[in-house]
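The structure appears below as structure tokens.
2 protein chains.
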Amino acid sequence: MYPGSLARLIENLRKLPGVGEKTAERYAFSIAKMKEEDVVAFVNALNDVKDHLGHCKVCGNISDQEMCPLCSDLSRDHRLIFVVESPKDVIAMEKTGQFHGVYHVLNGLVSPSKGIMPEDINLDSLIDRAADVDEVILATSTTMDGETTAMYLGKVLKEKYPELPVSRIAHGLPTGGLLDYADEMTLSHALSDRRRIN
Amino acid sequence: MYPGSLARLIENLRKLPGVGEKTAERYAFSIAKMKEEDVVAFVNALNDVKDHLGHCKVCGNISDQEMCPLCSDLSRDHRLIFVVESPKDVIAMEKTGQFHGVYHVLNGLVSPSKGIMPEDINLDSLIDRAADVDEVILATSTTMDGETTAMYLGKVLKEKYPELPVSRIAHGLPTGGLLDYADEMTLSHALSDRRRIN
């Protein structure tokens, strides 16, 4: 029904999250109408992300550099680690302006039902980092997988470092809520109300 | 806040219709996680559309070739022209399976309030094509600009070809409705109930 080039673009746009046929068609038609320089900029941006975007060797956050700006920032408190599921959660937390420690990005959650085990996410390096800090704050979402991951991490950290304070971000988030959709006040409260795990 | 390459991708994704900051971020993160070959396919599809997608020299529909497959199809009735605003409307109509003539795509609507005049859309070549046909069906949407365009076209065609039957697609569509969002039954009825203009 569509010219081949447009059909292939629609097919690729459908790989974006939440994009169905109608939406992919609308996007493709709008791209077909774009000025050539706008499509070139789009292509360059995609290539840049593919070629240069990687993970910070310390915290696992997405980064254009070997070490991300947050981990390189000596003015931050490197003895306080805030553990999150994804890079989006780091952005959400930074927007509150309430946290001055550093992050650890798991890039996933432990989920036995989906076959995702602790060794499949960026978890081992957190155990190493935790050897020399004042506190680890577990800030995975309040979903089932988020709680499972926090419980698992709390247990492992307690076993390895019995003296280390490990806390869980407060349940200020509605149950089932995703961290990066929460507003800044909710996140701020969730940080200040964090409770120690046993 | 974001690595530069990701920020630029978000900026480009925001140019898609209806895409705000949150959605662009979600898309960008999903692209950052894609397999390299998927990003390459996406880039190739964008380049293909930029390099090969143009307009059919006869009807103005988007096409990879100089003449689109519908205009090249000799089994269709080339003496019956269905005039629409955009390529999406052609797809919507073809899905009904009820029309066997050819199309004319205006790629826009006359809209004096937006400063879009008859000479700004693909209209002149329709006047030429209409010299040798049995009927022209005006099927612009039932929006204000769609009605304005149909009225203008009806007048111009009547003046130039007083004997030519010119019809307007029936108001089976809800007023203010966009043609390419209508279901197939509504479009089929709108075709069969078309009424002659004066």
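Protein chains in written order, with numbering that gives the first Met the number 0: chain E, 0 to 197; chain S, 0 to 197.
The C-beta atom is built at its ideal place from N, Cα and C for all residues, glycine as well.
Which residues DSSP lists as bridging residue i, in chain order
i              : result
I61 (chain S)  : S:H54
I90 (chain S)  : I90 (chain S) pairs with nothing; no bridge assigned.
L79 (chain S)  : S:E134
V165 (chain S) : S:V135
G100 (chain S) : S:D76
R193 (chain S) : None; R193 (chain S) has no bridge partner.
Cβ separation of residue i and residue j, assumed to be a contact under 8 Å, to the nearest whole Å
i              : j              : result
D76 (chain S)  : L178 (chain S) : That belief does not hold up - the Cβ atoms of D76 (chain S) and L178 (chain S) are roughly 21 Å apart, past 8 Å.
S110 (chain S) : T147 (chain S) : 7 Å
K49 (chain S)  : V38 (chain E)  : 4 Å
S187 (chain E) : Q97 (chain E)  : 5 Å
G145 (chain S) : E84 (chain S)  : 7 Å
V155 (chain S) : I126 (chain S) : 7 Å
N11 (chain S)  : A23 (chain E)  : Incorrect: roughly 16 Å between the Cβ atoms, too far for contact.
A91 (chain S)  : A181 (chain S) : 7 Å
P2 (chain E)   : D63 (chain S)  : 4 Å
V42 (chain E)  : V42 (chain S)  : 5 Å
D47 (chain S)  : R193 (chain E) : At roughly 51 Å, the Cβ-Cβ gap does not stay under 8 Å, so D47 (chain S) and R193 (chain E) are not in contact.
K94 (chain E)  : E183 (chain E) : 6 Å
Residue i at chain A interface by Cβ criterion, 8 Å
i            : result
S4 (chain S) : The chain inventory of the structure shown lacks chain A, comprising the protein chains E and S.
- request: Tell me the start and end of each unbroken alpha helix (DSSP H) in the region 104-146 of chain S that is at least 4 residues and wholly inside, in chain order.
  value: Runs of the alpha helix (DSSP H) inside the region 104-146 of chain S: 123-128.
field: Three or more C-beta pairs below 8 Å linking the region 57-65 of chain S and the region 104-111 of chain S
entry: The region 57-65 of chain S makes contact with the region 104-111 of chain S, as at least three CB pairs between them are under 8 Å.
Residues of the region 9-25 of chain E with Cβ closer than 9 Å to any Cβ of chain S, in chain order: Answer set for the region 9-25 of chain E: I9, E10, N11, L12, K14, L15, P16, G17, V18, K21, T22, E24, R25.
- prompt: Contact between the region 78-94 of chain S and the region 129-143 of chain S: three or more CB pairs below 8 Å?
  reply: A contact is defined here as three or more CB-CB pairs under 8 Å, and the region 78-94 of chain S meets this definition with respect to the region 129-143 of chain S.
message: Whether or not the region 10-18 of chain E and the region 27-41 of chain S are in contact is what I'm after, with contact meaning three or more pairs of Cβ atoms, one per stretch, closer than 8 Å; do they touch?
response: With a cut-off of 8 Å, the region 10-18 of chain E and the region 27-41 of chain S count as touching, because enough Cβ pairs lie within range.
task: May I have a chain-ordered list of the alpha helix (DSSP H) segments no shorter than 4 residues that lie completely inside the region 0-60 of chain S?
output: Runs found: 3-12, 20-32, 35-51.
Short-range partners of chain S found in the region 43-69 of chain E, where Cβ spacing is below 7 Å: Correct list: A44, L45, N46, D47, V48, K49, H51, L52, I61, S62, D63.
query: Does the region 152-160 of chain S come close enough to the region 114-131 of chain S that 3 or more CB-CB pairs lie under 8 Å?
result: In the pairwise beta carbon analysis, the region 114-131 of chain S is classified as touching the region 152-160 of chain S: at least three pairs are separated by under 8 Å.
Interface positions of the region 113-135 of chain E facing chain S (Cβ-Cβ less than 7 Å), listed along the chain: Residues: none.
message: To be precise: take each residue of the region 87-107 of chain S, compare its Cβ to all Cβ atoms of chain E, and keep it if any distance is under 7 Å. Which residues remain?
response: Against chain E - using a Cβ distance shorter than 7 Å - the residues of the region 87-107 of chain S are K87, I90, E93.
query: What residues in the region 144-169 of chain S have a beta carbon less than 7 Å from any beta carbon of chain E?
result: Listed by position along the chain: nothing, the set is empty.
query: Taking a cut of 8 Å between CB atoms, which residues from the region 181-193 of chain S lie near chain E?
result: Taking 8 Å as the upper bound on Cβ-Cβ separation, chain E lies near no residue of the region 181-193 of chain S.
Residues in the region 27-39 of chain E having any Cβ partner in chain S nearer than 8 Å: For the region 27-39 of chain E, residues whose beta-carbon sits nearer than 8 Å to a beta-carbon of chain S comprise A27, F28, S29, I30, A31, M33, E35, D37, V38, V39.
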